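Engineer:
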Amino acid sequence: MKPFTPEVLRDKLAIQSQLRGAVMGAPLPLDQSLLLVWPQITGLVAAAILLFAVIGVLSHDHGLTVLHVLRDAGPIGAAWFVAALLAGAYRRPGWGTLLPTWVVGVTLGVVVRALILGRSFDHHQVAFWITTLIVVLILVTGLRAFSRLVATRLG
Numbered sequence: 001m002k003p004f005t006p007e008v009l010r011d012k013l014a015i016q017s018q019l020r021g022a023v024m025g026a027p028l029p030l031d032q033s034l035l036l037v038w039p040q041i042t043g044l045v046a047a048a049i050l051l052f053a054v055i056g057v058l059s060h061d062h063g064l065t066v067l068h069v070l071r072d073a074g075p076i077g078a079a080w081f082v083a084a085l086l087a088g089a090y091r092r093p094g095w096g097t098l099l100p101t102w103v104v105g106v107t108l109g110v111v112v113r114a115l116i117l118g119r120s121f122d123h124h125q126v127a128f129w130i131t132t133l134i135v136v137l138i139l140v141t142g143l144r145a146f147s148r149l150v151a152t153r154l155g
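Residue numbers for the sequence shown follow the numbering used here, so the first one is 1 and each next one is one higher.
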């Protein structure tokens, strides 16, 4: 077993050149965007949406179960990834594709979640939508910034 060194950590994490388009906004060729950027970005977004769902479930005393987390994270995550594909967020990572993905993905996800749960589109759903928009944006951008910091330090 190798000792834990910065080199070992760098080998296990995506190196800066792999993350360049994902966190620095440089357009990438399709083969690089699919093979290099997609896993890192989708992993960060999935983590952010799952974290949002866990925080929400815990803050509303629903009991932390896989079903409760997936009930909230599933529709939002699925809608996010559909919106990301349509916006070209994996080919052209950056604010120009992140913001439309965020607005459309979260909005569609909240609507689908409300339909699945049989909820009416009242002020409670509007509050949930606004909260989801704010928290998911903070988590996604925060995780992307952290990823950029790690890539910069390892590169």
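For every residue, glycine included, the Cβ atom is placed at its ideal position computed from N, Cα and C.
The model shown is predicted, which means the values in this text are computed figures rather than measured ones.
Under a Cβ-count criterion, where at least 16 other Cβ atoms within 10 Å of its own Cβ denotes burial, should K12 be classed as buried or exposed?
Structural biologist: Residue numbering aside, residue 12 sits at position 12 when the sequence shown is read from its first letter. Any answer about K12 is weak, because its pLDDT of 48 lies below 50 and its placement is not dependable; what the coordinates show is given next. Exposed, by the Cβ-count rule.
Engineer: Which residue from P75, A114, L139, R91 puts its Cα closest to that of I55?
Structural biologist: Counting from 1 along the sequence shown, the entry for residue 55 is found at position 55. It is L139.
Engineer: Is the distance from the Cβ of F52 to the Cβ of V111 below 7 Å?
Structural biologist: Residue mapping note: residue 52 aligns to position 52 of the sequence shown, counting from 1. Residue mapping note: residue 111 aligns to position 111 of the sequence shown, counting from 1. The answer is no: Cβ separation not under 7 Å.
Engineer: Using DSSP with H/G/I as helix, E/B as strand and the rest coil, what is P196?
Structural biologist: A query on residue 196 cannot be resolved here, the shown segment of the chain reaching from 1 to 155 and no further.
Engineer: I'd like to know whether the C-beta atoms of T107 and A87 end up nearer to each other than 7 Å.
Structural biologist: If you number the sequence shown from 1, residue 107 lands on position 107. If you number the sequence shown from 1, residue 87 lands on position 87. Not a contact, by the Cβ cut-off of 7 Å.
Engineer: Closest by CA to G43, which one among V126, S147, I134, G94?
Structural biologist: Within the sequence shown, numbered from 1, the residue matching residue 43 stands at position 43. Among V126, S147, I134, G94, the Cα nearest to that of G43 is on S147.
Engineer: Along the chain, which unbroken stretches of the beta strand (DSSP E) at least 3 residues long are found entirely within the region 124-153?
Structural biologist: Fully enclosed beta strand (DSSP E) runs of 3 or longer: not present.
Engineer: Just mark V66 as buried or exposed, buried being the case when its beta carbon has 16 or more other beta carbons within 10 Å.
Structural biologist: Here residue 66 refers to the residue found at position 66 when the sequence shown is read from its first residue. V66 comes out exposed.
Engineer: Which word fits I76, buried or exposed, when buried means at least 16 other C-beta atoms lie within 10 angstroms of its C-beta?
Structural biologist: In the sequence shown, counting from the first residue as 1, residue 76 sits at position 76. I76 comes out buried.
Engineer: From this set, A83, D122, V103, L64, which residue's C-alpha is nearest T132's C-alpha?
Structural biologist: Within the sequence shown, residue 132 is the residue found at index 132, counting from 1. If we check each option's Cα against that of T132, V103 comes out closest.
Engineer: What first and last residue would you give for the alpha helix (DSSP H) that runs through F81?
Structural biologist: In the sequence shown, residue 81 corresponds to position 81, counting from 1. Unbroken alpha helix (DSSP H) run through F81: 66-87.
Engineer: So what's F121 in DSSP terms, helix, strand or just coil?
Structural biologist: The residue you call residue 121 lines up with position 121 of the sequence shown. Coil at F121, not helix or strand.
Engineer: Does the separation of the CB atoms of A79 and G118 fall below 7 Å?
Structural biologist: Here the question's residue 79 lines up with position 79 in the sequence shown. Here the question's residue 118 lines up with position 118 in the sequence shown. Not closer than 7 Å, so no.
Engineer: Can you tell me which of H62, L58, V82, W129 puts its alpha carbon nearest to the alpha carbon of V45?
Structural biologist: Working through the sequence shown from its first residue, we reach residue 45 at position 45. Comparing Cα positions, the closest option is V82.
Engineer: V57 and L50: beta carbons closer than 7 Å?
Structural biologist: Translated into the one-based positions of the sequence shown, residue 57 becomes position 57. Translated into the one-based positions of the sequence shown, residue 50 becomes position 50. In this structure, L50 does not lie closer than 7 Å to V57 by Cβ.
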